[in-house]
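Novice: In UniProt numbering, the protein residues as written are 4 to 396.
Even for Gly, the Cβ is constructed at its ideal location relative to N, Cα and C.
The structure displayed is predicted, hence computed values, not measured ones.
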Ligand code: 3PG
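(1) Please list the terminal residues of the continuous alpha helix (DSSP H) segment that includes residue 208.
(2) With burial defined as no fewer than 16 other Cβ atoms inside 10 Å of the residue's Cβ, what is the status of residue 136: buried or exposed?
(3) So, under 8 Å CB-CB, residue 3 and residue 133 are touching, yes? Tell me the CB distance rounded to an integer number of Å.
(4) Using a Cβ-Cβ cutoff of less than 6 Å, which residues in the same chain neighbour residue 102 once the five nearest sequence positions on both sides are dropped?
(5) What does the Cβ neighbour count give for residue 26, buried or exposed, with the cut at 16 atoms within 10 Å?
(6) Runs of 4 residues minimum, wholly inside the stretch 36-102: which ones carry the alpha helix (DSSP H) assignment?
(7) Under DSSP, the alpha helix (DSSP H) around residue 248 begins and ends at which residues?
(8) Sorted by chain position, which residues of the same chain lie with C-beta nearer than 8 Å to residue 78's C-beta, five sequence neighbours on each side aside?
(9) As a quick exercise: from 69, 11 and 218, pick the residue whose alpha carbon is nearest that of residue 49.
(10) Find out if the Cβ-Cβ distance for the pair residue 22, residue 170 is shorter than 8 Å.
(11) Keeping to the same chain, check which residues put their C-beta closer than 7 Å to that of residue 194; ignore five residues upstream and five downstream.
(12) Residues with a Cβ closer than 6 Å to any heavy atom of the ligand 3PG, in chain order?
(13) How far does the alpha helix (DSSP H) with residue 222 in it extend, from its first residue to its last?
(14) State the DSSP-derived secondary structure class of residue 196, mapped to helix, strand or coil.
(15) Rounded C-beta distance between residue 264 and residue 226? I'm assuming under 8 Å.
(16) Tell me the DSSP secondary structure of residue 379 in three-state form.
(17) With DSSP as the reference, label residue 360 as helix, strand or coil.
(18) Look at the Cβ atom of residue 17, then the Cβ atom of residue 54, and state whether they are nearer than 8 Å.
(19) Quick one: what does DSSP say residue 159 is sitting in, helix, strand or coil?
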């Protein structure tokens, strides 16, 4: 696949699709990891003398120019992070008169950020008109938006049909290298840890990973569906009754494949979903009015032990309700166990990345993905439309 290292952008208008879909609170960016991760490609394009036009979506404005979902705060923060002005093309049409004039005025090495691509309703429909509008702004297209790669939208897929050159950026390349290598060519033992609340959102991931890993560790809300499938009493814990058969199938599949499947042996249970609720560690059945909110200490030790010889680890989904301090111990224990390993440790985006960063283990991991949905689909073994489109050119 061609990357920004294979092209000459000197004097050219380069449209670079990034994923600047960052959380905002009252106009302030509360997690800027996606901006920081985009800098290497942007710096490279500047250094090579390109006219760098950045674009991204933000949230779901559904075709309406909603001021609270403007990318203006991102332009401001990128200016600080780059130490160079990033002009903002305020334009409700995204590629309207203001944006076109701003591109016209650019000099080599300048950086401009377009308005939220989802201000245009066609964006998420991968429509022709907006794809052509975007392509008309540039000579070269760079896709560095890994977080958006599971979407087939104008700004990452449609646009590639109307440009002569489309390549991937460094972030996209790094994500594909780490996630792809981990899954297809792992150093063994290869251990995957899956958590989070729902089995239903991880069906294909579990199924695909059982073909690849040596050990699969399960925690988080979804382990109660597995527990119930094995006839355990789980009180009022989160459960997806429609997936009990699926959970049994996965337990059987693990046996057939010789994969060690680890499920919790104890649980931290409370009567309310609240950090103020009193809680206790339970081995075996929960009372009817109790719910499990974290893995217990024996499970923490069991999981840490299963990880100690691992050479590749992929982790997606917290072990408990880590946002509440009384139910964060399981997630912290797993993060600690990973931090101490001499192994390639890869953290899926979304909640897991947020947990690892918030708990202060960010710099202890080999790679933290910037993609939530995209990293999950990658682990499902799917081809991502954003990656395919950039590679096809
Ligand atoms: C993400 O945050 O996962 C990506 O930016 C994609 O956003 P979306 O789910 O709104 O398409």
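Specialist: Let me spell this out:
(1) Numbered from its first residue, the chain shown carries residue 208 at position 205. Looking at the DSSP string, the run of the alpha helix (DSSP H) that includes residue 208 is 206-213.
(2) The sequence position of residue 136 within the chain shown is 133, counting from 1. Label assigned to residue 136: buried.
(3) The structure shown does not extend to residue 3, since the chain is modelled only from 4 through 396, so no value can be given for it.
(4) As a working note, residue 102 is residue 99 in the chain shown. Cβ within range, chain order: 92, 94 and 117.
(5) For the purposes of this step, residue 26 is taken as residue 23 along the chain shown, with counting starting at 1. Flag for residue 26 reads exposed.
(6) 36-50 and 75-85
(7) Numbered from its first residue, the chain shown carries residue 248 at position 245. Residue 248 -> alpha helix (DSSP H) spans 247-260.
(8) Translated into positions along the chain shown, residue 78 becomes position 75. Taken in chain order, the residues that qualify are 89, 90, 91 and 116.
(9) Here the question's residue 49 lines up with position 46 in the chain shown. Among 69, 11 and 218, the Cα nearest to that of residue 49 is on 11.
(10) Taking the first residue of the chain shown as 1, we reach residue 22 at position 19. Taking the first residue of the chain shown as 1, we reach residue 170 at position 167. Not in contact: residue 22 and residue 170 (Cβ atoms no closer than 8 Å).
(11) For the purposes of this step, residue 194 is taken as the residue at position 191 of the chain shown. So the list reads 216, 217, 218, 220, 309, 310, 313 and 316, once near-sequence residues are dropped.
(12) 22, 24, 63, 150, 151, 154, 375 and 376
(13) The residue labelled residue 222 in the question sits at position 219 within the chain shown. Residue 222 -> no alpha helix (DSSP H), and no H or E assigned at all.
(14) Numbered from its first residue, the chain shown carries residue 196 at position 193. Residue state, collapsed to three classes: strand.
(15) Taking the first residue of the chain shown as 1, we reach residue 264 at position 261. Taking the first residue of the chain shown as 1, we reach residue 226 at position 223. That pair is no contact at about 11 Å.
(16) Translated into positions along the chain shown, residue 379 becomes position 376. Three-state result, residue 379: helix.
(17) Locating residue 360 in the chain shown gives position 357, where the first residue counts as 1. Residue 360 falls in the helix class under three-state DSSP.
(18) Within the chain shown, numbered from 1, the residue matching residue 17 stands at position 14. Within the chain shown, numbered from 1, the residue matching residue 54 stands at position 51. Yes.
(19) Within the chain shown, numbered from 1, the residue matching residue 159 stands at position 156. DSSP places residue 159 in coil when its eight states are reduced to three.
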